[in-house]
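Participant: The structure that follows is given in the form of structure tokens.
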Amino acid sequence: MFTRVAYLQHNDSSFYHHHHHHHLHQNTTDFSSNMSRVVIAVRPPCRAQTRTLLAPPVVVQMSSDQETSSPGIHFFTTAVLLDPSSGAVAEGLLEGTTATTGVVLDATTIIFAFPDLSIAAPGSYTMRLDVYGMYPNSTDGATLIAQLETDTISVGDGPVASQQPSSSEAAIIELARNAGVPLSPPE
0 MFTRVAYLQH NDSSFYHHHH HHHLHQNTTD FSSNMSRVVI AVRPPCRAQT RTLLAPPVVV
60 QMSSDQETSS PGIHFFTTAV LLDPSSGAVA EGLLEGTTAT TGVVLDATTI IFAFPDLSIA
120 APGSYTMRLD VYGMYPNSTD GATLIAQLET DTISVGDGPV ASQQPSSSEA AIIELARNAG
180 VPLSPPE
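Take numbering that gives the first Met the number 0: the final residue in the sequence shown is number 186, and no numbers are missing along the way.
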């Protein structure tokens with residue numbers, strides 16, 4: 000059972016089919032292999048306190064020109080913390096649920112939300128988000144669809160001012176909550 004979600008009006012006629020879906024406008028990268036566009040719809044804060052939930056929560060959005068809810072295809076996204084100076088994974092420092100399955104917002108949009116991530120040690124990091132598809136009848140296991148990286152997150156032991164989501168981020172958080180994703184409302 001899928002929840003229908005009303006979208007903001009979008010004026011790009013190329014998005015319209017005879018089904019007449021509305022889409023949020025995003026700066027997107029076209030992964031022409033499967034015509035999906037994958038973006039970080041809600042970015043993590045640029046400053047965070049150690050062992051404190053990242054707010055706003057990270058949300059990845061995948062939208063497609065075709066219906067994404069094909070039977071038998073499962074999508075999931077993993078999050079890892081990177082040391083930007085070396086590009087190496089900062090093992091064990093990203094706490095919380097670091098893999099999440101997609102939640103269908105509508106026939107062409109899936110989101111992946113990370114509501115409970117925190118970072119265990121002070122430092123500067125980026126987060127890499129890997130989006131995978133599990134296709135029926137494929138012997139390859141999971142197929143990497145997209146790899147996204149956030150801006151730098153500066154983490155310290157002291158409290159930091161809370162970062163408000165942008166209006167487009169707040170809209171995605173609201174849509175996600177309406178679809179049953181457990182995201183807390185902005186403070």
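The beta-carbon is built from N, C-alpha and C at its ideal position, and this holds for glycine as well.
1) Could you compute how far the alpha carbon of I152 sits from the alpha carbon of G101?
2) Between which two residues does the alpha helix (DSSP H) containing R42 stretch?
3) In whole angstroms, what is the alpha-carbon distance linking I178 and P83?
4) Leaving out five residues before and five after L147 in sequence, what residues of the same chain have Cβ atoms less than 6 angstroms from its Cβ?
5) Could you check how far apart the C-beta atoms of L81 and T125 are, in whole angstroms? I think they sit under 8 angstroms.
6) Compute the Euclidean distance between the alpha carbons of P161 and A54, then round it to the nearest angstrom.
7) Among the candidates G71, Y131, L116 and A120, whose CA atom is the shortest distance from the CA of V37?
8) Report the three-state DSSP secondary structure of E90 (helix, strand or coil).
9) How should P135 be labelled, buried or exposed, when 16 other C-beta atoms within 10 angstroms of its C-beta is the threshold for buried?
10) Using DSSP with H/G/I as helix, E/B as strand and the rest coil, what is R127?
11) Can you give me the C-alpha to C-alpha distance between P56 and A106, rounded to a whole angstrom?
12) Applying the criterion that 16 or more other CB atoms from any shown protein chain within 10 Å of the CB defines a buried residue, is S183 buried or exposed?
13) Note the first and the last residue of the continuous alpha helix (DSSP H) segment covering L174.
Facilitator: Looking at the atomic coordinates:
1) On the sequence shown, residue 152 is found 153 positions in, with the first residue counted as 1. On the sequence shown, residue 101 is found 102 positions in, with the first residue counted as 1. C-alpha separation (whole angstroms): 24 angstroms.
2) As a first step, residue 42 must be located in the sequence shown, where it is residue number 43. First-last for R42: undefined, no H or E at that position.
3) On the sequence shown, position 179 is the one that residue 178 refers to. On the sequence shown, position 84 is the one that residue 83 refers to. The sequence shown places Ala at residue 178, rather than the Ile named in the question. Approximately 34 angstroms, taken between the alpha carbons.
4) As a first step, residue 147 is located in the sequence shown; it is residue number 148 there, counting from the start. The answer, listed in chain order, is I39 and L128.
5) One-based indexing of the sequence shown puts residue 81 at position 82. One-based indexing of the sequence shown puts residue 125 at position 126. Confirmed, about 5 angstroms.
6) Mapped onto the sequence shown, residue 161 falls at position 162. Mapped onto the sequence shown, residue 54 falls at position 55. In the sequence as presented, Pro is not what sits at residue 161; that position holds Ser. Each residue's alpha carbon lies about 7 angstroms from the other.
7) For the purposes of this step, residue 37 is taken as the residue at position 38 of the sequence shown. When each option's Cα is compared against that of V37, the closest is Y131.
8) Counted from its first residue, the sequence shown places residue 90 at position 91. Correct three-state label for E90: coil.
9) By 1-based counting over the sequence shown, the position of residue 135 is 136. Classification of P135: exposed, given that the 10 Å Cβ count is below 16.
10) Reading the sequence shown from its first residue, position 128 is the one you call residue 127. It is a strand residue.
11) For this step, residue 56 is matched to residue 57 along the sequence shown. For this step, residue 106 is matched to residue 107 along the sequence shown. Spanning the two alpha carbons is a distance of roughly 24 angstroms.
12) Here the question's residue 183 lines up with position 184 in the sequence shown. Looking at its Cβ environment, which holds fewer than 16 other Cβ atoms inside 10 Å, S183 is exposed.
13) Translated into positions along the sequence shown, residue 174 becomes position 175. Start and end: S166 to N177.
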